[in-house]
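Student:
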Amino acid sequence: MNAVSGSVRRITISAVFLSLSLVLKTTLTFDLPLFGQNGMRIGISGIFSILPALLFGPGYGAAVSGLSDFLGFLIKPTGGYLPLLTISAAAGGFLRGFLWEILKKKEDKRMRLLIAAGSGVLLVLGLGSTFMTGEGMTPTAAGAVGGALLGMFLLAVDFILSKKILPGGEKRKLPQLLIVMIVSGLAVTTVNTVILRETICTAWKTLPFIVVWLPRAVEELLGNIVLACFAAVLLPLSGKFMKNG
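Using full-length UniProt numbering, the first residue of the sequence shown is number 1, and each one after it goes up by one.
Structure representation (structure tokens):
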């Protein structure tokens with residue numbers, strides 16, 4: 001396969017995934033109110049907008065994620081259009097592809113050890129600084145402890161999914177997918193929370209940022225665990241299709 005035909009094929013497959021994402025976004029996606037605003041969106045359309053990032057790299061991920069957000073609004077408008085949210089979606093697609101390029105060749109065992117070691121270090125630093133100062137938990141210490149708890153949660157989810165739901169060894173790359181999906185998802189939802197808080201959801205300014213961010217982050221965390229499961233199943237199948245097609 002030469003470079004031109006390979007690029008055409010990647011663009012064509014990405015366009016198919018984009019179409020599937022738009023169909024699901026306009027039919028099986030629901031907005032839920034949060035503190036009087038439509039601040040949460042529930043759906044599974046994201047699985048098709050993230051596959052190009054995992055299959056073809058950050059550029060395709062950014063293009064498909066950005067177009068999915070923009071075209072999805074044109075097809076099914078909800079409130080006013082915010083270009084910054086489209087830019088955020090594109091950046092999230094780029095980040096997924098970038099992280100996957102780094103992590104996809106790493107061994108599962110090594111990834112689990114790194115997560116466990118990192119979580120342990122963060123927990124010790126967060127709790128240690130709190131006890132040493134004796135002034136309560138600072139935002140930095142709370143962030144360290146939160147990162148440690150997230151890492152432990154990720155390991156627990158990986159264990160349950162790998163042993164009980166999605167067995168299949170190294171080919172599934174579940175620890176890597178969980179890291180890619182959760183990190184990029186939380187990054188995007190954090191940026192989007194800031195954007196919404198400063199623009200159309202100004203009522204959120206009366207509340208502490210963590211109060212607004214936390215339910216969105218929990219929804220994003222759980223949603224991306226589900227998307228990681230879908231990706232763990234679809235990615236090997238898509239890879240076989242790419243090789244055999």
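C-beta atoms are modelled at their ideal positions from N, C-alpha and C, and glycine is treated no differently.
Given this structure, state the Cα-to-Cα distance separating E220 from V191, to the nearest angstrom.
Tutor: When rounded, the distance between both Cα atoms is 13 Å.
Student: Measure the C-alpha to C-alpha separation of T140 and G126 and round it to an integer number of angstroms.
Tutor: About 8 Å.
Student: Taking the alpha helix (DSSP H) that S88 falls in, what are its first and last residues?
Tutor: Here the alpha helix (DSSP H) through S88 covers 83 to 103.
Student: Within 10 angstroms of its Cβ, does G223 collect 16 or more other Cβ (buried), or is it exposed?
Tutor: With 16 or more other Cβ atoms within 10 Å, it is buried.
Student: Have a look at A91 and M132 and give me their C-alpha separation to the nearest angstrom.
Tutor: Cα to Cα, A91 sits roughly 39 Å from M132.
Student: In the DSSP assignment, find the alpha helix (DSSP H) that holds A141 and state where it starts and stops.
Tutor: Start and end: 139 to 160.
Student: Could you tell me the alpha carbon to alpha carbon distance between F230 and L178, rounded to whole angstroms?
Tutor: The straight-line gap from Cα to Cα measures roughly 11 Å.
Student: If you follow the alpha helix (DSSP H) that I50 is in, where does it begin and where does it stop?
Tutor: Element bounds for I50: 46 to 56.
Student: What three-state label does DSSP hand T78 in the structure shown?
Tutor: In this structure, T78 counts as coil in the three-state DSSP scheme.
Student: Applying the criterion that 16 or more other CB atoms from any shown protein chain within 10 Å of the CB defines a buried residue, is K173 buried or exposed?
Tutor: Buried, by the Cβ-count rule.
Student: May I ask you to verify whether the stretch 106 to 123 touches the stretch 145 to 157, counting CB pairs closer than 8 Å and requiring at least 3?
Tutor: At 8 Å Cβ cutoff, the stretches touch.
Student: Would you identify the three-state DSSP class for E220, choosing helix, strand or coil?
Tutor: Here E220 sits in helix by DSSP.
Student: Just to confirm my understanding: we take I182, look at its own chain, exclude 5 residues before and 5 after, and list those with CB closer than 7 Å. What are they?
Tutor: Cβ within range, chain order: L154, L221, N224.
Student: My output table needs one value for L207: the three-state DSSP class, helix, strand or coil.
Tutor: Of the three classes helix, strand and coil, the one that applies to L207 here is coil, per DSSP.
Student: Return helix, strand or coil for I200, following the three-state DSSP convention.
Tutor: Three-state result, I200: coil.
Student: Roughly how many angstroms separate the alpha carbons of T12 and A228, rounded to a whole number?
Tutor: Answer to the nearest angstrom: the Cα atoms are 23 Å apart.
Student: Between the stretch 50 to 57 and the stretch 95 to 102, do at least 3 Cβ pairs fall closer than 8 Å?
Tutor: Flag = yes, the stretch 50 to 57 and the stretch 95 to 102 touch.
Student: Does any heavy atom of the ligand FMN sit closer than 7 Å to the C-beta of T193?
Tutor: As presented, the structure is devoid of all ligands, the ligand FMN included, so that no description of it is given.
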